[in-house]
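Scroll down for the structure; my scribbles are underneath it.
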Amino acid sequence: MDKYFEYLHTVGFEETNLVGNVYYVNYLRWQGRCREMFLKERAPEVLADVRDDLKLFTLRVDCEFFAEITAFDELSIRMRLVELAQTQVEFSFDYVRLDQGGGETLVARGRQRVACMRGPNTRTAPARVPEALARALAPYARSARA
């Protein structure tokens with residue numbers, strides 16, 4: 008299996024709806040959180056660039072659900088690089104429930120496409136993916152699948 012960046016998360020009550028299962032928008036929030044933690048841990052120089060002029064615009068996001076999760080479920084959100092283009096990056100996310108006995112259940116799968124931009128807010132233009140980000144993402148490239 009190919010390598011992934013992992014963000015561990017424990018589901019809280021505030022992330023569930025009246026029925027008791029996780030409200031769908033939280034899956035998208037966790038994608039963003041996983042991406043942020045990746046930058047913090049693997050590409051801190053990119054965070055400095057974001058504080059300066061770099062903007063990371065999310066162009067597309069999706070999530071497909073396979074099983075419900077509830078409060079206090081332990082999750083592993085696993086991010087992989089799907090595509091690295093000149094100005095855009097696409098990620099995939101596997102949401103895996105970590106079961107008590109060491110088992111794992113895939114509960115959802117998502118994707119996210121991000122564009123790199125630079126410039127003032129009124130004149131933002133596409134920019135190349137920073138070299139530091141490309142280097143940090145390289146180990147997480149999704150391998151070819153049959």
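With the sequence shown counted from 1, adding 7 to any position gets you this note's numbering.
Even glycine gets a Cβ: it sits at the ideal position worked out from N, Cα and C.
Write down every uninterrupted run of the alpha helix (DSSP H) in the region 26-89 whose length is 4 residues or greater and which is fully enclosed by it, in chain order.
Segments of the alpha helix (DSSP H) lying fully in the region 26-89: 32-49, 51-59.
Report the rounded CA-to-CA distance for residue 105 versus residue 119, giving the unit in angstroms.
Position 98 of the sequence shown, counting from 1, holds the residue named residue 105. Position 112 of the sequence shown, counting from 1, holds the residue named residue 119. Straight-line Cα distance between these residues: approximately 23 Å.
In angstroms with no decimal places, state the Cα-to-Cα distance between residue 80 and residue 139.
For the purposes of this step, residue 80 is identified with residue 73 of the sequence shown, where counting begins at 1. For the purposes of this step, residue 139 is identified with residue 132 of the sequence shown, where counting begins at 1. Their Cα atoms are separated by approximately 34 Å.
Under 8 Å: do the region 65-81 and the region 14-33 share three or more Cβ pairs, one atom per stretch?
yes
Going by alpha carbons, who is nearest to residue 69 out of 23, 99, 123, 134?
If you number the sequence shown from 1, residue 69 lands on position 62. For the residues 23, 99, 123, 134, the minimum Cα distance to residue 69 belongs to 99.
If you follow the alpha helix (DSSP H) that residue 138 is part of, which residue opens it and which one closes it?
The residue given as residue 138 occupies position 131 in the sequence shown. Bounds of the alpha helix (DSSP H) holding residue 138 are 138-144.
Pick helix, strand or coil for residue 11, following the three-state DSSP scheme.
Counting from one through the sequence shown, the residue named residue 11 turns up at place 4. In the structure shown, residue 11 sits in coil (DSSP, three-state: anything other than H, G, I, E or B).
In whole angstroms, what is the alpha-carbon distance linking residue 111 and residue 101?
Numbered from 1 along the sequence shown, position 104 holds the residue referred to as residue 111. Numbered from 1 along the sequence shown, position 94 holds the residue referred to as residue 101. So the two alpha carbons sit approximately 11 Å from each other.
If you run the structure through DSSP and keep just helix, strand and coil, what is residue 153?
The residue labelled residue 153 in the question sits at position 146 within the sequence shown. Residue confidence for residue 153 is low, a pLDDT of 33 falling below 50, so the modelled location carries little weight and cannot support an answer.
Quick one: Cα of residue 10 to Cα of residue 147, how far?
Taking the first residue of the sequence shown as 1, we reach residue 10 at position 3. Taking the first residue of the sequence shown as 1, we reach residue 147 at position 140. Going by the C-alpha atoms only, they are around 5 Å apart.
Take the Cβ of residue 64 as the centre, count every other Cβ of all protein chains shown within 10 Å, and call the residue buried at 16 or more, exposed below.
To locate residue 64, count along the sequence shown from 1; it is residue 57. When all chains shown are included, residue 64 counts as exposed.
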